[in-house]
Ligand SMILES: [Fe+2]
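Residue numbers (this note's numbering): 5 to 300.
Here's what the structure looks like:
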């Protein structure tokens, strides 16, 4: 069971309209005033956006573009080794820049022709119902900030590198895009908090941290693995269990650490069939069927 809110730094708007991002004291940018001001500036752009309007473009600095370049360069050989074939093909199809941070409208333009998904800005945490529900409409809420430049290969929060290098590339695969749409439809369909939490838990262990068997090896299809320099290497050291939705919904996990247990599909098509079918049929009875204890 997890609370996605743990992941994001809170964003507040003061009475004077001042937007502020509150970094935890263990955040790499905590003591950097310039970084904090930049985070608030980027969050304010997202908060000012209304559906139907043009998505705000961020004028990325050379430091920010350099973070993107570093991660793109360092993670490419890891993708070649550890990413599933469909992800590698999707990266080629979407063909995003590796030398600068892409704008969300560029990501949308690429995805539109491939799977119809579009990117919209998020200042930080988006409520579960809204985040998952909008996936049903082919919309992905994405942050636009970068991690701190002191540690370009690490982030405690989902930054634009996670959202685009992880999710964006995956959303260029039509079958993954369909599984995400089904997850979104499931989130809209269910009425109880328990059932929504099951959708979120299964999403976590599949779309975020899913692995599968390919050519006798374990490969990643989860966005959290594919966008994390450290975690993708770690993936072969952890306990791998077969796909089991009841376990996903009941196992305790800590999202702030590397995942000690991952669930592997037998193949890419097995993942699409099983995970897709789970989301397509998930309803308010699902928690009871999976043995998830109802909370008082
Ligand atoms: Fe994610």
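Ideal Cβ placement from N, Cα and C applies to all residues, glycine included.
- Its chain contains 203, 283 and 286 as the residues whose beta carbon lies nearer than 6 Å to that of residue 190, once the 5 sequence neighbours on both sides are disregarded; these appear in chain order.
- Under the three-state reduction of DSSP, residue 125 is assigned to strand.
- With 16 or more other Cβ atoms from the protein chains shown falling within 10 Å of its own Cβ, residue 138 counts as buried.
- The segment 137-151 makes contact with the segment 117-128: 3 or more CB pairs, one atom from each, lie closer than 8 Å.
- Relative to ligand 1, residue 188 has its C-beta separated by 8 Å or more from all heavy atoms.
- For residue 167, the shortest separation between its Cβ and any heavy atom of ligand 1 lies below 8 Å.
- If you draw a straight line from the Cα of residue 296 to the Cα of residue 207, it is about 16 Å long.
- For residue 81, the enclosing alpha helix (DSSP H) starts and ends at 66-86.
- Residue pairing for residue 16: DSSP places it in a beta bridge opposite 24.
- A Cβ-Cβ separation of about 6 Å places residue 13 in contact with residue 128 under the 8 Å criterion.
- In the structure shown, residue 217 adopts extended strand secondary structure according to DSSP, grouped into three states.
- Taking 9 Å as the cut-off, the Cβ atoms of residue 224 and residue 166 do not count as close.
- In the three-state reduction of the DSSP assignment, residue 34 falls in the coil class.
- Assignment of residue 62 by DSSP, reduced to helix, strand and coil, places it in the coil class.
- Cβ neighbours of residue 193 within its own chain (closer than 7 Å, five residues either side excluded): 287.
- Comparing alpha-carbon positions, the option among 113, 88, 85 and 86 lying closest to residue 98 turns out to be 113.
- By the Cβ test, the segment 230-245 is not in contact with the segment 181-189, since fewer than three Cβ pairs between them sit closer than 8 Å.
- Taking each of 258, 176 and 33 in turn and checking the Cα distance to residue 117, the smallest one comes out for 176.
- Taking 8 Å as the cut-off, the C-beta of residue 246 does not count as close to any heavy atom of ligand 1.
- Between residue 150 and residue 233 a beta carbon distance of about 14 Å is seen, past the 8 Å cut, so the two are scored as non-contacting.
- No heavy atom of ligand 1 is found nearer than 8 Å to the CB of residue 145.
- The nearest non-hydrogen atom of ligand 1 is 8 Å or more from the C-beta of residue 235.
- Closest in C-alpha terms to residue 71, from the list 220, 239 and 152, comes 152.
- Collapsing the DSSP output to three states places residue 54 in coil.
- Residues of the same chain with a CB within less than 8 Å of the CB of residue 51, apart from the 5 flanking positions on each side, are 15, 17, 23 and 127 in chain order.
- Per DSSP, residue 146 is one residue of the beta strand (DSSP E) stretching across 143-146.
- The segment 185-258 contains, as complete alpha helix (DSSP H) runs of 4+ residues, the segments 197-207, 227-230, 233-238 and 249-254 (chain order).
- In the structure shown, the three-state DSSP call for residue 132 is helix.
- Counting only the Cα atoms, residue 35 lies some 32 Å from residue 256.
- In the displayed model, residue 97 falls within a helix according to three-state DSSP.
- DSSP places residue 265 in the strand class (E or B) of the three-state scheme.
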